[in-house]
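For what it's worth, full-length UniProt numbering labels the leading residue of the first sequence as 1, then goes sequentially.
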Amino acid sequence: MINKTSQDAITPLLPKEFAHTIITWQHQHGRNTLPWQREASPYHVLVSELMLQQTQVSTVIPYFERWIKVFPDLATLAQASEDQVLAQWQGLGYYSRARNLHKAAGYVMTELNGQLPATPESLREVPGVGPYTAGAITAFAFDKPAAIVDGNVKRLFCRYFGINGDPNSSAINRQIWTKAEEYKPHSNSRQYAQALLDLGATICTPRNPKCELCPLQQSCNALATDRVNLLPQKRAKRTLPTKDGYFALDVNANGVILVQRSANGIWPRLWCLPELSELPPRAQVHGSFKHVFSHYRLNATVINCTPSHATTRIPLEALAQYGLPAPIRKYIHTHVLEN
DNA sequence: AAACCGTGGAA
DNA sequence: TTTCCAAGGTT
């Protein structure tokens with residue numbers, strides 16, 4: 001092992017040295033050909049950052065490429081309908097992000113003359129832009145100094161500085177943000193931000209980190225004290241509650257009946273099989289599926305019936321133009337279209 | 001402050 | 001199969 005034996009022997013690099021070290025590493029080993037890096041325009045960065053919230057890079061890439069083709073600029077996006085926006089976002093999850101991005105386009109066009117601001121404070125006024133995304137846009141789109149703290153930075157800093165405690169608690173979160181502010185360089189902001197994310201994603205990973213390849217191994221507190229697998233502190237695991245759901249299926253040669261869901265709750269404003277409050281008596285069960293959300297499990301039963309209120313029958317060939325929840329689309333594909 | 005809000009990939 | 005969690009934000 002490359003551990004040092006004395007905890008006192010470990011001193012973190014000074015901010016200037018830290019930044020230089022990881023920027024040099026990023027140049028050789030970082031990610032530099034991602035789709036949103038080709039043209040790091042403010043709009044491209046905005047779209048990518050909203051899509052990347054709680055979503056892995058490999059998942060986002062095809063969505064980003066399609067999005068830019070359909071909505072090439074802020075003005076186009078601002079003029080699009082909510083349905084067009086949701087159709088492009090369908091399957092990506094956390095659908096409020098799509099509506100926030102749509103609102104953001106309108107906000108920037110009408111209130112900011114079409115120009116995204118270049119400071120975290122102003123960017124925080126944009127819908128869907130929180131503390132992380134504001135810093136990320138500042139650094140990636142404008143190459144200006146900004147602290148960024150996402151899951152990668154939390155993990156990297158908790159290990160590098162040996163920070164104990166729950167990184168999601170407000171106290172530890174503040175501590176990490178303070179470090180991020182203290183360590184942000186005054187130049188090369190874009191590459192520094194990319195270096196932080198690349199290190200977290202490829203070296204300082206949640207499990208089986210590649211410490212032997214890390215440019216910070218000689219000054220990492222967790223490595224020196226053999227606590228790499230103990231930091232950051234794991235959050236208590238949750239047991240997800242299970243809910244039952246019932247969906248009405250009415251399909252004929254003219255298409256399938258869908259309803260647009262409300263703006264609140266799960267799958268906001270997406271088009272879905274009509275949801276029934278309970279299992280109707282003498283229900284004809286067409287099929288079932290299970291689905292796991294971030295906060296509960298869904299056991300769904302699909303019932304053959306004509307819903308009393310729903311009236312929108314959508315031709316099967318037109319389904320792609322509507323935003324459907326991923327499991328609903330899958331069910332229709334496997335249990336309706338293939339029959 | 002804590003709950004809500006998706007989906008899929010990896011081990 | 002289970003478990004974890006990913007370029008978090010909003011309420």
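We put the CB at the ideal spot given by N, CA and C, even for glycine.
- Counting only residues of its own chain and dropping the five nearest sequence neighbours on each side, residue 113 has no CB closer than 7 Å to any other CB.
- Scanning the region 215 to 262 from its first residue to its last, the whole alpha helix (DSSP H) runs of 4-plus residues come out as 221 to 224.
- Residue range 297 to 304 is occupied by the beta strand (DSSP E) that includes residue 304.
- Residue 309: not part of any alpha helix (DSSP H); DSSP gives it neither H nor E.
- Nearest to residue 129 by C-alpha distance, out of 145, 111, 97 and 147, is 97.
- Going by DSSP, residue 103 is part of the alpha helix (DSSP H) stretching over 96 to 111.
- Exclusion of the five residues before and after residue 179 leaves 157 and 161 as the residues of its chain whose Cβ lies within less than 7 Å of its Cβ.
- The shortest CA-to-CA distance from residue 12 to any of 320, 242 and 216 is the one to 216.
- When secondary structure is reduced to three states using DSSP, residue 58 falls in the helix class.
- Assigned with DSSP and collapsed to three states, residue 122 falls in helix.
- For residue 162, there is no enclosing alpha helix (DSSP H), as DSSP marks it with neither H nor E.
- Using a Cβ distance threshold of 8 Å, residue 328 and residue 273 count as a contacting pair.
- Here residue 133 has 49, 50, 53 and 123 as same chain residues with Cβ atoms under 8 Å from its own Cβ, once five neighbours each way along the sequence are excluded.
- Residue 219 holds the alpha-carbon nearest to the alpha-carbon of residue 10 among 203, 219 and 317.
- Using a 10 angstroms sphere on the CB of residue 198, the tally of other CB atoms reaches 16 or more, which defines it as buried.
- Contact between the region 62 to 70 and the region 303 to 310 is not established, with fewer than three Cβ pairs separated by less than 8 Å.
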